Amino acid sequence: MFTTRFEAWVRRHAEALMAALGRLPVTPNQITVVGTALTFVAAVLAASGHLLLGGIVLAFAGTFDILDGALARSTGRSYPYGAFLDSTLDRYSEGAMYLGLIAYFVSAGGPMAKWLIVATGAALAGSFLVSYVRARAQSLGFTCETGLFARPERVVVTVIGLVFG
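First residue of the sequence shown: 2, per my numbering; consecutive thereafter.
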């Protein structure tokens, strides 16, 4: 799958960078929070019709989602709380982004607006269900390592949609 190979390549390079940056007084949780804040900025930009700029900011914010884990692993600061914070803020980030797109489609109007709003709402529900299904499967003893449309893929598709608007 595209994401698996791409993510492995990015992680290798990110971990090398983080080994060097690990000496700075920055924690993985701080990187997580900055990435979330940038995603909220991207959502506001999208909602206000600045799709290209929103896409650029979202692409930049998406790198923070890789860098936080890379920093945690390279510095030995990988803790359950950080993983919980990361996955929780990922859900807030996705929710904000999809709601920003819905706000844009509502204000833009047009013949496709209703369908775009419904499709974006379905994407929002689906993105939340991925986490729920994984957690539920694991609680029942199943292994659930990868999915069909993981967060990195959703971010890439959203960035492409925003940039090419």
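Beta carbons are placed, not taken as given, at the ideal position from N, Cα and C, and that holds for glycine.
Since the model is a prediction, treat every value here as computed from it, not as a measurement.
Work out the CA separation of T33 and K115 for me, nearest whole Å. 34 Å
Which residue from R6, L72, V58, A9 puts its Cα closest to that of L18? L72
Same chain, Cβ closer than 6 Å to G55, five either side skipped, listed in chain order: A43, L46, A47, L163
Using 10 angstroms around the beta-carbon of M98, count the other beta-carbons present and answer buried if the total reaches 16, otherwise exposed. buried
Taking buried to mean at least 16 other C-beta atoms within 10 Å of its own C-beta, is M2 buried or exposed? Note that M2 has pLDDT 49, beneath the 50 cutoff, so the model's placement of it is unreliable and the number below is only indicative. Label assigned to M2: exposed.
Drop a sphere of 10 angstroms on the beta-carbon of L149, count the other beta-carbons inside from all chains shown, and report buried for 16 or more, exposed for fewer. exposed
Please classify E95 as buried or exposed, where buried requires at least 16 neighbouring CB atoms within 10 angstroms. buried
State the CB to CB distance for the pair L117 and F106, rounded to an integer number of angstroms; the pair is presumed to be in contact (CB under 8 Å). 4 Å
By DSSP, does M2 sit in helix, in strand, or in coil? Summary for M2: the model assigns pLDDT 49, below 50, so the residue's position carries little reliability; its value from the coordinates is reported in the next sentence. Here M2 sits in coil by DSSP.
Sort I161, L102, G77, Y80 by Cα distance to V119 and report the nearest one. L102
Mapping DSSP to helix, strand and coil, what is E146? coil
Limits of the alpha helix (DSSP H) - the one that T40 falls within: 29-48
When the Cα atoms are used, what is the spatial distance from L59 to V160? 6 Å
From G83, L100, S75, residue whose alpha carbon lies closest to that of G23: S75
With a threshold of 8 Å between beta-carbons, can N30 be considered close to chain D, or not? Checking the listed chains, one finds no chain D in this structure; it contains a single protein chain.
Helix, strand or coil: which one does DSSP assign to M113? coil
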